[in-house]
Amino acid sequence: MNFKRKLLSAALLALTAGAANAQISGNVVKIGVLNDQSGTYADLAGPGSTLAAKMAVEDFKAQNKGFTTPIEVIAADHQNKPDVGSQIARKWFDSDGVDVIVDLPTSSVALAVNQIAKEKGKAAIISTGASSDLTGKACTPNTVHWTYDTWQLANGTGSAIVKTGGDSWFFLTADYAFGHALERDTEAVVLKSGGKVLGKVRHPFPSADFSSFLLQAQASKAKIIGLANAGADTTNAIKQAAEFGIVKGGQNLAGLLVFLTDVHALGLEKAQGLIFTESFYWDLNDQTRAWSKRYGAQHGGKMPSMGQAGVYAGVLHYLKAVAAAKTDDGTKVVAKMKELPTDDPLFGKGSIRADGRKIHNSYLFEVKKPSESKGPWDYYKLRATVPADQAFRPMAEGGCPLVAAK
Amino acid sequence: MAEDQYKPHPSRDDAAEFRYHRRAFLVMMALFLVAPMVVYPVFVMKALCFALFACAFNLLLGFGGLLSFGHAMFLGMAGYVSAHAAKVWGFPPEFAILAGTAAATVLGVFAGLLAIRRQGIYFAMITLALAQMVFFFSLQAPFTGGEDGIQAVPRGTFLGFLDLTNTYVLYYVVLAIFTAGFLLIYRIIHSPFGQVLKAIRENEPRATSLGYRTDHYKLAAFVLSAGLAGLAGATKAIVFQLASLTDVHWSMSGEVVLMTLLGGMGTIFGPVVGAFAIIAMENYLAELGSWFTITQGAIFVVCVLAFRRGILGELEAWLRRRRAG
C-alpha cells in the first residue's frame, strides 16, 4: 500500500519533471569542450578553455535560479588531428548526448566539426579556430564563430597600423595556403589605407631559422615587418628578430596571429614592440579585470587568452539562448542566439550576425617594454580600437550561402 | 629446398598453423560482425582502416624485411585523391576508392623503383625523403586545401544501392573492404611469391644465388604494400568525409611502425591487434588531456622492454611453447 503510493508519486513527479523539460534532450544540457589539451595550442586553449566553460555554467546558474536542468561540461583532446576531432564529435553527438561543442582550435578540425554539427542538427561555438571560411563559404545554421577570425586580424592589424604611422611594410610569409591568404588580405588593407609594401619573402613551413629572411626585412628599411605565419613560426621569428636587434633599430614587428600566451612564453624582453590585433585583453576594463582575476585564481595565476575568454562568453550566451528557447535543439538554439543581443562582462554588448559571426570591437595592441610593465601579465598597451561595425568582414563579401539565400 | 616451393606438401606444422589461422580469422570476423552493436561504429571503422594500413605495412616489413619510413605518403595521397574524386569529380564511392588506390599504386611504383636500390637505414631514409616531398606537395597543391584539407566529402551510395550515409551500412562496407585486403595479404604471404620474399628477408645474396631477381620481388612487394595502404587511406577519406595533412605527415609513418611492432611484426594478425590498441588509446585516452602522450609513451616503453615480439608475437610464442611442452 505504502509502496504503491510511493511509486505513484514518483511516477507523477517524473511526469511533471518530464513535462517541464520536455525539450531538453536527456534532461541535461551537455557542453563538450573539444580542443588541443597537450600540444601546440594547449596554452591558448586547452584546460583553460574547459575552466572558462565551467565558469560560464556557474555564472549562468547563479543568475538564473529558475533553470533547474543540470548542465554538464566535458572535455577531450583532438590532438590537432581532424580525424580524431571528427570521431570524437560524432561520438559525442550520437551516443554521449552532447548538445554543443565549443572552442575548436586548428582550422581543419573546426571545419570538420562545423559540418558534423550541421549534419546532426547540433550546435558548435568556435572560439580559438581562426578560419574566416567558417562564416564564409562553409557557414552553417548551426555554428557561431565567436572570438576572432583571420580576416579580422589581417584587416585590423593592416589598417590600424597604417593609421597610427606604420605606412611601409615588408612581409615575412609562411609558404603555404594559410600564409598566402594572410599576406594577401593584409596587403590589400595596407594598400587601401594608403600604405605601401616594400617587399616580401616566403619562408618554408615550418621553419626554425629565419636569419636570412630577417636580414632582408631589415635591409628593406620598412617601418613594419608583417609576420604572415602562426604558432611556432611566429615565435621563432620574433625571438630571432630580437637577436638581430630589429625592434631596437626602429622597425616594428606586426604579428598577424598572436595570443597573450605567446607573449607570455616569449617574455617582454623578446616580444617588446610587437604589434597585433586581438578581440580581448584581461586588462581592458574593470569587468575584464575582475573576471580574469577569478579565472587566474583557479588556473595557477595565468591570465586568459582571447580564445578562452571567447569560450566563457560563448557558453554563457548559449545557455541564455537555451533558457529562452526552452530547448537544446542545436538549430533552434543557434537561431535564438542570433536573435538575442549578446551581453557579457568580457566582450560587452554585441550581436551575432545571420552568417554566425559574433560582432564586437577589436583592439590593436603593442607589447610593452620591460620598463613599462608594472607586474606579471602586464604586457599590452592599447594602440587603437577598431569599432565593432568595421572590425569584421562585411556579410555580403563572405559568400555565406545562408545570407545569399535571403 | 627450392623444390618445396613448387610442390608444397603441407607438413604437420603447416597444417596446424593453417588451422590456427583459420580459427583466429573466424574469431576475428565474429568479433567484427558484432562490434558495432557494442562499440561506437565510427571508432571501429577508423581502427579497421588503420588495421589494413598496418597489415599492408607488415607485408613489407614483416615478410620482406624492408622498413619503410614513408608509408604515410600512400595513405595520405590515396585519401586526397579519393576525397577529391568523390567531392569535385562526383565519383561514386567505389570508384573514388579505386582511384585513390590506383594513385597510391602508381606512387608506389616510382617510390619503389628508387628506394629498393638500397637496404636498411638507407632504404628508410629514401622513403622518408620521398614522403616529405609528398607532404610538401600536399601542403602546396591547390586541390588539397593546404592546412584545411578537403572537407565535406560526400559518402554517396556504394555500387549504386548501398546508402553509405547510414553508419551501419558504411560499417559493413568498410569491413568487407578490410576483409578483402586482409585475405589478399594472407594469400600473398602464403604464395610461392611470399616464400621467395621471406627467403630474401632471411638472406638476400642466397636468394640471388638461387636465381631469383630479388629486385623484382622487392619492387612487387613494395607496390603491393603501397596499393593496399592506399586502399586503407582512400576508404578512410570516405568514412571521415575528409582528407587532411595528418595522414601524409611523417608522424603517421611512425605510427604505423609502432602499430606493427606493438601487435607483432611478421605475424598475420599482429598488425590488426596493434592498430586497434593504438587507435583505442588515441580514442579513450583523449579525455585524459595532456596525460595522453605521457601514457602512450609509457605503454610503448613497457612493450618494448617486456614483450619485444609484440602482443600477438608473444601470445603465439606462448601457445607454441605450451603445445611443445
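Chains as they are written, first to last, in this note's numbering: chain Z, 483 to 888; chain S, 39 to 363.
Don't be surprised by glycine CBs; every beta carbon is placed ideally from N, CA and C.
Small disclaimer: the values here were computed from a predicted structure and weren't measured.
For Z/His662, the uninterrupted alpha helix (DSSP H) segment begins and ends at Ala659 to Lys674. In the three-state scheme derived from DSSP, where H, G and I count as helix and E and B as strand, Z/Arg865 is classed as strand. Sequence-distant partners of S/Asn96 (beyond 5 residues in either direction) whose C-beta falls short of 6 Å from its own C-beta, in its chain, are Thr298 and Pro309. For Z/Trp651, the three-state secondary structure derived from DSSP is strand. For Z/His685, the uninterrupted beta strand (DSSP E) segment begins and ends at Lys678 to His685. For Z/Lys573, the chain S residues whose Cβ falls inside 8 Å of its Cβ are Tyr78, Val80 and Phe81, in order along the chain.
Across the segment 94-121 of chain S, no CB contact with chain Z closer than 9 Å is found for any residue. Within chain S, the C-beta atoms nearer than 8 Å to that of Z/Tyr658 come from Leu177, Gln178, Gly184 and Glu185, in chain order.
In the structure shown, the three-state DSSP call for Z/Glu854 is coil. At the C-beta level, S/Ala245 and S/Ala258 stay beyond 8 Å of one another. If you check the CB distance, Z/Gln569 and Z/Thr759 do not come in under 8 Å. The Cβ of S/Leu280 sits closer than 8 Å to at least one Cβ of chain Z.
When secondary structure is reduced to three states using DSSP, Z/Lys831 falls in the strand class. The residue from Z/Gly514, Z/Val804 and Z/Phe762 with its alpha-carbon nearest to that of Z/Ala870 is Z/Phe762. Across the segment 533-566 of chain Z, CB contacts with chain S closer than 9 Å involve Ile556, Ala557, Ala558, Asp559, His560, Gln561, Asn562, Lys563, Pro564, Asp565 and Val566, in sequence order along the chain. Pairing Z/Leu884 with Z/Asp837 gives a Cβ-Cβ distance under 8 Å. Beyond the five residues adjoining it in sequence on each side, Z/Ala558 comes within less than 6 Å, by CB distance, of Leu516 and Ile570 in the same chain, given in chain order.
Following the DSSP letters along the chain, one finds Z/Ala710 inside the beta strand (DSSP E) bounded by residues Ile706 to Ala710. By the criterion of a C-beta distance shorter than 7 Å, Z/Gln780 is surrounded in its chain by Leu533, once the five residues flanking it on both sides are discounted. Against chain S, the CB of Z/Leu586 has no partner CB under 8 Å away; the residue lies outside that interface. Among the residues facing chain S, Z/Ala704 is not included, as its CB has no counterpart in that chain under 8 Å away. Bounds of any alpha helix (DSSP H) do not take in Z/Gly514; it lies within the beta strand (DSSP E) bounded by Val511 to Asn517. The beta carbons of Z/Gly708 and Z/Leu738 sit closer together than 8 Å. Taking C-beta separations shorter than 8 Å and ignoring five residues to either side along the sequence, the partners of S/Gly232 in its chain run Phe101 and Ile226, following chain order. Contacts with chain S (Cβ-Cβ distance below 8 Å) from the segment 684-700 of chain Z involve Phe687, listed in chain order. At least one beta carbon of chain S lies nearer than 8 Å to the beta carbon of Z/Ala594. With fewer than 16 other beta carbons inside 10 angstroms of its own, S/Tyr206 counts as exposed. Spanning the alpha carbons of Z/Pro858 and Z/Gly638 requires a straight line of approximately 27 Å.
Closer than 8 Å to the CB of S/Glu320 there is at least one CB belonging to chain Z. It is roughly 15 Å from the alpha-carbon of S/Gly150 to the alpha-carbon of S/Leu235. Between Z/Gly789 and Z/Phe847, the C-beta gap is not smaller than 8 Å, which leaves the two residues out of contact. Taking a 10 Å sphere around the C-beta of Z/Gln733, we find 16 or more other C-beta atoms and assign the residue as buried. For the C-beta of S/Phe330, the chain Z residues within less than 8 Å are, from N- to C-terminus, Gln519, Ser520, Asp559 and Gln561. With a contact defined as Cβ atoms closer than 8 Å, S/Phe173 and S/Val286 qualify at about 5 Å.
Straight-line spacing of the CA atoms in S/Leu280 and S/Ala272 works out to 10 Å. Between S/Gly108 and S/Ser291, the C-beta gap is smaller than 8 Å, which places the two residues in contact.
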